[in-house]
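All residue numbers for the sequence shown refer to my numbering, where the first residue is 13 and numbers rise by one.
Data first, discussion second: the structure below is written as structure tokens.
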Amino acid sequence: MLRIPEAAAAGAAILAGIGSGTYATISEALDALVQVERTYEPTPARAEQARELLVRYESLRKRDGGADLRADARGE
């Protein structure tokens with residue numbers, strides 16, 4: 013999890029640093045300007061469960077043909 017209190021300002025600073033030549037790449041600017049507050053490691057069993065749920069979700073989305081998206085477009 014990144015610690016970026018003002019994400020828009022940080023993004024502008026990163027791009028300004030690249031534009032001014034202070035940093036050569038976005039990765040270099042990120043390393044200098046962004047702090048990692050916490051790292052989450054996946055639990056293998058949960059990752060597998062999430063993959064299975066994604067497969068089921070994608071199957072259902074194909075079957076309904078995006079019906080909910082059309083309803084949203086109509087304001088339903």
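In this text, a Cβ means the ideal position worked out from N, Cα and C, and glycines have one as well.
- For VAL46, the three-state secondary structure derived from DSSP is coil.
- If you look at GLY29, you'll find it in the alpha helix (DSSP H) that goes 19-31.
- Between the C-alpha atoms of ALA19 and ALA62 there is a straight-line separation of about 29 Å.
- No Cβ-Cβ contact shorter than 8 Å links ILE30 with ALA22.
- According to the DSSP secondary-structure assignment, LEU14 is paired through a beta bridge with VAL48.
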